[in-house]
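Worksheet: the structure to be examined is printed underneath.
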Amino acid sequence: MKDEKFILQGGGEHAKVVLDCLQAQGADVLALFDPKYADELFGVKQMGVYNPDFHPEAKAIVAIGDNALRKKVVALTKHDFGNAIHPSCVNSLHTTLGKGIMLLHGVIVQAHTRIADHVIINTGASVDHDCEIAAYVHIAPRAVLCGRVKVDEGAMIGAGAVILPGVHIGAWAMVGAGAVVTKDVAAGVVVKGNPAR
Numbered sequence: 004m005k006d007e008k009f010i011l012q013g014g015g016e017h018a019k020v021v022l023d024c025l026q027a028q029g030a031d032v033l034a035l036f037d038p039k040y041a042d043e044l045f046g047v048k049q050m051g052v053y054n055p056d057f058h059p060e061a062k063a064i065v066a067i068g069d070n071a072l073r074k075k076v077v078a079l080t081k082h083d084f085g086n087a088i089h090p091s092c093v094n095s096l097h098t099t100l101g102k103g104i105m106l107l108h109g110v111i112v113q114a115h116t117r118i119a120d121h122v123i124i125n126t127g128a129s130v131d132h133d134c135e136i137a138a139y140v141h142i143a144p145r146a147v148l149c150g151r152v153k154v155d156e157g158a159m160i161g162a163g164a165v166i167l168p169g170v171h172i173g174a175w176a177m178v179g180a181g182a183v184v185t186k187d188v189a190a191g192v193v194v195k196g197n198p199a200r
């Protein structure tokens with residue numbers, strides 16, 4: 004990925020981490036697009052409203068932490084998507100990765116895990132073998148997914164949460180920070196605590 008050209012959709016707090024990740028992997032980040040921000044971030048120009056004609060050969064990443072908003076912005080993005088994978092990430096050679104993925108600082112992804120498009124696996128999170136992570140999922144810092152965990156579209160796994168082996172997290176569900184999830188979580192449900200309820 005060294006010298007590959009990127010643009011970012013998003014200019015806020017999560018974009019800082021993704022931009023830092025891309026710069027660490029040697030990517031050439033040309034611009035950030037977010038109407039809420041101007042000026043520069045880490046030497047990269049913030050250019051306001053997204054321009055689909057700006058360097059159409061560049062890859063895009065939607066660097067927005069909110070899963071629903073990220074999905075909406077992806078649908079409006081005309082650039083093809085690339086991946087941000089920090090050099091400190093330990094990613095098995097036997098994983099399957101979609102597009103627009105963010106594997107951030109200190110992440111571990113083990114063998115036979117499948118990660119769909121536009122997933123965030125945030126700082127220091129661990130995803131063990133044979134997991135299935137659907138599109139637009141956000142796995143927050145230091146969360147742990149044990150083996151054979153399935154996470155459906157748009158779910159949020161909070162910081163420091165632990166998901167036990169074989170558990171299924173439904174679409175757009177939310178697992179609270181520090182929760183220990185011992186059984187399946189239905190779609191759209193919020194769980195927290197130890198054990199999670």
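Plus 3 on top of the position in the sequence shown (first one is 1) and you've got our numbering. Cβ atoms here follow ideal geometry from the backbone N, Cα and C, with glycine treated the same way.
Check, Outcome
"Quick one: any contact between the region 189-196 and the region 171-180, if contact means 3 or more CB pairs under 8 Å?", "yes"
"Looking at residue 101 and the ligand GDP, is the gap between the Cβ and the nearest heavy atom below 7 Å?", "Absence of the ligand GDP from the depicted structure is noted, as is the absence of any ligand whatsoever, leaving it without description."
"Would you check if the region 94-114 and the region 33-50 touch, i.e. whether three or more CB-CB distances between them fall below 8 Å?", "no"
"In angstroms with no decimal places, state the Cα-to-Cα distance between residue 160 and residue 199.", "12 Å"
"So, is residue 205 buried or exposed, given that buried needs 16 or more other C-beta atoms within 10 angstroms?", "Outside the shown range of the chain (4 to 200) lies residue 205, about which nothing can therefore be said."
"In terms of residue numbering, what span does the beta strand (DSSP E) encompassing residue 25 cover?", "Note, residue 25: premise wrong, no beta strand (DSSP E); alpha helix (DSSP H) at 16-27."
"Measure from the alpha carbon of residue 148 to the alpha carbon of each residue in 86, 36, 113 and 119, then state which is nearest.", "113"
"With three or more C-beta pairs closer than 8 Å as the rule, is the region 82-102 touching the region 57-68?", "yes"
"Any chance you could list the alpha helix (DSSP H) runs of at least 4 consecutive residues sitting entirely within the region 40-102, in chain order?", "70-79"
"With 16 other CB atoms within 10 Å as the buried threshold, where does residue 153 fall?", "buried"
"Following the continuous beta strand (DSSP E) through residue 31, name the residue where it begins and the one where it ends.", "31-36"
"Should residue 125 go down as buried or exposed, given a rule of 16 or more other Cβ atoms within 10 Å for buried?", "buried"
"Buried or exposed for residue 13, please, with buried defined as at least 16 other CB atoms from any protein chain shown within 10 angstroms of its CB.", "buried"
"Assign residue 12 to one of three DSSP states: helix, strand, or coil.", "strand"
"Rounded to a whole number of angstroms, what is the C-alpha to C-alpha distance between residue 1 and residue 78?", "Residue 1 falls outside the range modelled here, since the chain spans only 4 to 200, and no answer is possible."
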